[in-house]
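Heads up, the sequence shown is in this note's numbering, so the first residue is 1 and it goes up one at a time. Right, one structure below, let's go through it.
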Amino acid sequence: MDLPDYAIEARGLVKTYAATKTTPQMQALRGIDLAIPRGSIFGLLGPNGAGKSTFINILAGLCRKTSGTVSIWGRDIDERPRDARAAIGVVPQEIAADPFFTPLEALEVAAGMYAVPPKERRSRELLAALGLADKEKAYVRQLSGGMKRRLMVAKAMVHNPPVLILDEPTAGVDVELRKQLWNYVLELNRKGVTIVLTTHYLEEAEELCDQIAIINRGQVVACEPTTTLLRRMDTRKVIVTPEEPVAQAPALPGFETQMLKGGAFSVAYRTGQSSVEQVLAAIRKAGLHIKDISTEDPDLEDVFVSLTYAAPEAAEI
Ligand code: ADP
Numbered sequence: 001m002d003l004p005d006y007a008i009e010a011r012g013l014v015k016t017y018a019a020t021k022t023t024p025q026m027q028a029l030r031g032i033d034l035a036i037p038r039g040s041i042f043g044l045l046g047p048n049g050a051g052k053s054t055f056i057n058i059l060a061g062l063c064r065k066t067s068g069t070v071s072i073w074g075r076d077i078d079e080r081p082r083d084a085r086a087a088i089g090v091v092p093q094e095i096a097a098d099p100f101f102t103p104l105e106a107l108e109v110a111a112g113m114y115a116v117p118p119k120e121r122r123s124r125e126l127l128a129a130l131g132l133a134d135k136e137k138a139y140v141r142q143l144s145g146g147m148k149r150r151l152m153v154a155k156a157m158v159h160n161p162p163v164l165i166l167d168e169p170t171a172g173v174d175v176e177l178r179k180q181l182w183n184y185v186l187e188l189n190r191k192g193v194t195i196v197l198t199t200h201y202l203e204e205a206e207e208l209c210d211q212i213a214i215i216n217r218g219q220v221v222a223c224e225p226t227t228t229l230l231r232r233m234d235t236r237k238v239i240v241t242p243e244e245p246v247a248q249a250p251a252l253p254g255f256e257t258q259m260l261k262g263g264a265f266s267v268a269y270r271t272g273q274s275s276v277e278q279v280l281a282a283i284r285k286a287g288l289h290i291k292d293i294s295t296e297d298p299d300l301e302d303v304f305v306s307l308t309y310a311a312p313e314a315a316e317i
């Protein structure tokens with residue numbers, strides 16, 4: 001069979017959660033178009049509530065889309081749901097441990113669920129690859145949080161899927177383990193597995209992903225190679241403490257200013273358009289004397305604001 005150009009392709013994907021007694025109807029995805037190239041490490045980045053998990057749950061067959069189309073490895077999820085699901089492994093956000101199994105048993109059960117014939121199972125190989133070979137016979141409940149997480153990656157790979165999806169894989173994971181996990185993920189990618197990961201850490205996406213899609217309020221607001229995207233995120237902030245505390249942030253032509261505590265204020269500028277020199281000149285021109293300044297890189301929220309301010313205010317309908 002010809003390999004598909006895209007590991008995952010979504011067109012006009014919409015998900016509306018029905019209203020409940022306590023929550024209004026919620027349009028979690030509002031027309032997602034995404035084409036994830038085969039062989040890439042693709043980051044889905046967005047703040048909490050953006051719709052990342054909803055998107056992944058639709059791919060995993062855990063959540064029903066409202067409209068739009070999705071194919072996984074060239075297989076439409078409506079027309080060939082089983083084939084589509086066989087092409088992905090999903091590592092969920094929550095650790096779901098099997099307390100009474102050993103890691104080896106847990107993998108064998110998972111392989112059984114995917115109907116992998118015993119001869120083709122690679123449970124021991126997976127345990128070794130994830131540094132769990134010596135825990136083969138321990139009970140899962142005796143494993144540390146990090147080991148359980150690695151076991152979940154192994155479980156997602158039992159059927160040897162060409163696409164691996166990791167939902168917030170490093171939330172609450174220490175630095176050392178994070179590195180280990182990434183090394184394994186990178187190795188899988190070198191072997192040809194397409195990796196899709198969700199995160200709300202910009203640095204994580206920056207470090208690993210070839211391409212990043214930013215999702216906010218159920219819409220894709222940017223989808224670009226990582227390097228291109230980072231170039232666009234050129235907002236910097238100068239934090240200014242004036243000699244005389246100000247009561248409100250001064251209006252500086254061409255810059256956005258914001259009041260901070262203690263009579264200080266911040267000035268945002270874009271490195272491609274202005275320099276710190278120009279910011280300082282504008283402050284002096286406004287008649288202010290500077291006691292102290294520092295600079296600050298933008299956090300993800302600033303980036304979202306600059307990329308998404310054109311998006312409608314609320315996702316609730
Ligand atoms: P993310 O993974 O980016 O944090 P989610 O996909 O979990 O975002 O959530 C997107 C939006 O859909 C949020 O507003 C969330 O409250 C809502 N949502 C998620 N799951 C459900 C559900 N089962 N029922 C109703 N609303 C939901």
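Virtual Cβ for every residue (Gly too), placed ideally from N, Cα, C.
Where residue i falls: helix, strand or coil (DSSP)
i: Thr170; result: coil
i: Pro37; result: strand
i: Asp76; result: strand
i: Arg11; result: strand
i: Pro312; result: For Pro312, the pLDDT reaches just 45, beneath the cut-off of 50, and the residue's location in the model is therefore unreliable, although a value from the coordinates is still provided. Three-state result, Pro312: coil.
i: Pro81; result: helix
i: Tyr184; result: helix
i: Leu197; result: strand
i: Val246; result: coil
i: Lys119; result: helix
i: Tyr17; result: strand
i: Thr228; result: helix
i: Leu252; result: coil
i: Leu177; result: helix
i: Ile317; result: Note that Ile317 scores a pLDDT of 42, beneath 50, so its modelled location is shaky and nothing firm can be said.
8 Å Cβ cutoff met for residue i and residue j
i: Thr69; j: Arg30; result: no
i: Lys291; j: Glu243; result: yes
i: Ala268; j: Glu256; result: yes
i: Ser266; j: Gln273; result: no
i: Gly263; j: Val246; result: yes
i: Val91; j: Asp167; result: yes
i: Pro169; j: Gly89; result: no
i: Ala87; j: Val163; result: yes
i: Leu44; j: Val196; result: yes
i: Thr16; j: Thr66; result: yes
i: Gly146; j: Leu104; result: no
i: Leu127; j: Glu136; result: yes
Opening and closing residue of the alpha helix (DSSP H) in which residue i lies
i: Ser53; result: Lys52 to Leu59
i: Val153; result: Gly145 to Ala156
i: Pro225; result: Looking at the DSSP string, Pro225 is not in any alpha helix (DSSP H); the run it does join, the beta strand (DSSP E), is Gln219 to Pro225.
i: Glu207; result: Leu202 to Leu208
beta-carbon residue i near the ligand ADP non-hydrogen atom, thresh 7 Å
i: Ala60; result: no
i: Tyr184; result: no
i: Ala264; result: no
i: Asn48; result: yes
i: Met157; result: no
i: Thr102; result: no
i: Tyr17; result: yes
i: Gly146; result: no
i: Ala205; result: no
i: Ala286; result: no
i: Ser67; result: no
i: Ala251; result: no
Start-to-end residues for the beta strand (DSSP E) that takes in residue i
i: Ile283; result: Per DSSP, Ile283 belongs to no beta strand (DSSP E); it is in the alpha helix (DSSP H), Val276 to Lys285.
i: Asn318; result: Nothing in the structure corresponds to residue 318, since the chain is present only between 1 and 317.
i: Val109; result: Here Val109 belongs to no beta strand (DSSP E); instead the alpha helix (DSSP H) covers Pro103 to Met113.
i: Arg64; result: Per DSSP, Arg64 belongs to no beta strand (DSSP E) and is neither H nor E.
i: Glu296; result: Ile290 to Glu296
Sheet register partners of residue i (DSSP bridge)
i: Val240; result: Phe265 and Ile293
i: Met259; result: Phe265
i: Gly131; result: Note: Gly131 sits in no beta bridge, so no partner.
i: Gly89; result: Leu164
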